[in-house]
């Protein structure tokens, strides 16, 4: 506790970036809520670009159009 | 806002079907709740058939039995 | 199967609107993916306006500013 | 996009703390992944202390024991 | 790790039942996957009966009809 | 209903273990809450070891250190 889930599109997120996301999210709940980092879990979901939609369109199509 | 998550088994969902799911889910919250489509996000999760269970059984096993 | 989760801010969504969201989301996966409506589940989460953020701000604050 | 969900126990999280969580989580994905803050959503779930378990025990019971 | 989420309709689940769900779910991943119970988290979500749908209908309506 | 989601790291979970998780989780809600197994869904998510963090570190790094 806490449990943090970060969902982003699957676009070559590096291992170093994942380390930064996990360190940063953990630090955030430690600083703001005084939570114990030992029991703070973070899960990163990388969603395929054909599986995320916004504005009623596929993200992969919006990206091609540079919208 | 809103955020909609659609979980289905991973059985060859086509890109066109994903477009229809995203367009349809977005239209639904626009029509029913008058939400802004610009900020409506839809994420589709395709779950492997060995990772979904119902009736206490693996979906992949039920499917073979044509249940 | 499928399982659909709709997250919206908690702003007086009526029972009738919930019925429409559930009927519409179910119909969507039936039409697009030929899924069985009998086993299609929809869960609506109404998130307090102080618990949703976008653009780095609380939704409740953005709403007051009419952004 | 991205979508971040923070689950914590429901223990008097203040509005100011929620603002800090949302600002911090948004800044994190902007800095690490160069994401657009305009479309970054954060949802905070406050879970009742009787509904969170760890070590096979209720959090509310562990808390009483000061574990 | 692991993280288990149990979603049920909000129908007077008692504290004792919650204890049993959390103990049982934890024991399950310990026995089947040899996971560490110390770091196993379980979150129970009680969903209002007007917010869960199946067969395209509200659960609260199906319940009244004894379906 | 209910809907149960089990998240574990992706470390060679076998099909037989998945069957046991699904059977066990279903039995749990049947026994404790008297739920109908016919409509109980279980989804297992296997999270890549580089995408799970605890104590502010990547699980894959902690594992190497045998922490």
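Protein chains in written order, with the working numbering: chain C, 1 to 67; chain L, 101 to 167; chain A, 201 to 267; chain D, 301 to 367; chain E, 401 to 467; chain Y, 501 to 567.
Ideal Cβ positions, reconstructed from N, Cα and C, are used throughout, including at glycine.
Closer than 9 Å to chain Y by CB, residue i
i	result
residue 21 of chain C	yes
residue 48 of chain C	no
CB contact check: residue i to chain A, cutoff 9 Å
i	result
residue 105 of chain L	yes
residue 331 of chain D	no
residue 340 of chain D	yes
Neighbour flag for residue i against chain D, beta carbons, 9 Å
i	result
residue 143 of chain L	yes
residue 415 of chain E	yes
Cβ neighbour criterion (16 or more within 10 Å) applied to residue i
i	result
residue 409 of chain E	buried
residue 407 of chain E	buried
residue 465 of chain E	exposed
residue 114 of chain L	exposed
Member of the options whose CA lies at the smallest distance from the CA of residue i
i	options	result
residue 519 of chain Y	E/433, E/465 and E/456	E/433
residue 31 of chain C	D/358, D/363 and D/317	D/317
residue 448 of chain E	E/439, E/463 and E/428	E/463
residue 460 of chain E	A/204, A/235 and A/242	A/242
residue 503 of chain Y	E/402, E/403 and E/445	E/445
residue 340 of chain D	A/258, A/238, A/205 and A/212	A/258
residue 211 of chain A	L/128, L/101 and L/137	L/101
Residue-chain proximity (residue i, chain C), Cβ-Cβ < 9 Å
i	result
residue 135 of chain L	no
residue 112 of chain L	no
residue 426 of chain E	no
Beta carbon proximity, residue i to chain E, threshold 9 Å
i	result
residue 358 of chain D	yes
residue 355 of chain D	yes
According to DSSP, residues forming a beta bridge with residue i
i	result
residue 343 of chain D	A/252 and D/305
residue 58 of chain C	C/53
9 Å Cβ cutoff, residue i in contact with chain L
i	result
residue 18 of chain C	no
Chain B contact for residue i (CB, 9 Å cutoff)
i	result
residue 39 of chain C	In the structure shown, chain B cannot be found, because the protein chains are C, L, A, D, E and Y.
Exercise. For the 8 Å Cβ check, are there 3 or more pairs between the region 321 to 332 of chain D and the region 346 to 354 of chain D?
Worked result: no
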